[in-house]
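K.L.:
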C-alpha cells in the first residue's frame with residue numbers, strides 16, 4: 001500500500017490527493033522528516049519511523065496561514081486539487097535559506113500540475129508571502 005493510500009484510506013487524511021500515481025503531478029506531496037516527498041511513490045511500510053506531515057497537520061499548526069491567505073487573496077486556487085501539494089512545497093521553499101525570487105518559485109514548482117490557474121496567481125501568492133516573511137524576519 002502506498003503512503004498516499006494509507007493516509008487517505010486508513011487514517012482519513014484526504015488532503016493528500018492522488019492524481020497520476022507516478023510522482024509527476026505533485027498532488028500527493030507530503031513532508032517526510034522535513035523534506036517534501038511524493039506519497040504515491042513511497043510505500044507506507046517505508047515510512048515507518050519517519051515523521052510524516054500532511055496538509056492537515058501543516059494547516060492545523062498555523063504554519064501555512066500566510067500562504068493560505070495569499071492564495072485566497074490572489075485567487076491562486078480554483079478546484080483545489082493541486083493546492084495542498086503546492087502549499088507544502090511553497091512552504092518548504094520559503095523555509096529554505098536560499099533566496100526566493102519568481103524564477104526560483106517557478107523552478108520549485110516543477111513537478112506540480114495545476115490545470116486551473118495557469119500558475120501566475122500561484123507564483124504571485126508565493127512571491128508575496130516570501131516578501132512578507134523576509135520583512136518579518138529582517
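Numbering (full-length UniProt numbering), first residue to last: 1 to 138. Glycine is no exception: its CB is placed at the ideal position from the N, C-alpha and C atoms.
(1) Residue 36 lies in the beta strand (DSSP E); which residues open and close that run?
(2) Which of helix, strand or coil does DSSP assign to residue 86?
(3) Expressed to the nearest angstrom, what Euclidean distance is found between the alpha-carbon atoms of residue 122 and residue 128?
(4) Can residue 111 and residue 24 be called in contact, C-beta distance under 8 Å?
(5) Tell me, please, whether the stretch 102 to 111 touches the stretch 48 to 57 by the rule of three or more beta-carbon pairs shorter than 8 Å.
(6) Tell me the DSSP bridge mates of residue 53?
(7) Which stretch, first to last residue, makes up the alpha helix (DSSP H) that contains residue 73?
(8) Give the DSSP-derived three-state secondary structure of residue 41 in the structure shown.
(9) If I'm right that residue 130 touches residue 100 with Cβ under 8 Å, what's the distance once you round it to whole angstroms?
P.N.:
This is what the structure holds:
(1) Here the beta strand (DSSP E) through residue 36 covers 35 to 38.
(2) When DSSP states are grouped into helix, strand and coil, residue 86 belongs to the helix group.
(3) The alpha-carbon atoms of residue 122 and residue 128 are separated by roughly 10 Å.
(4) Taking a C-beta distance under 8 Å as the contact criterion, residue 111 and residue 24 qualify as a contact pair.
(5) In this structure the stretch 102 to 111 does not lie against the stretch 48 to 57, because fewer than three pairs of beta carbons, one per stretch, are closer than 8 Å.
(6) DSSP output for residue 53 lists 31 as bridge partner(s).
(7) Looking at the DSSP string, the run of the alpha helix (DSSP H) that includes residue 73 is 65 to 73.
(8) In the structure shown, residue 41 sits in coil (DSSP, three-state: anything other than H, G, I, E or B).
(9) Your pair residue 130 and residue 100 checks out as a contact, with CB atoms roughly 4 Å apart and the cut at 8 Å.
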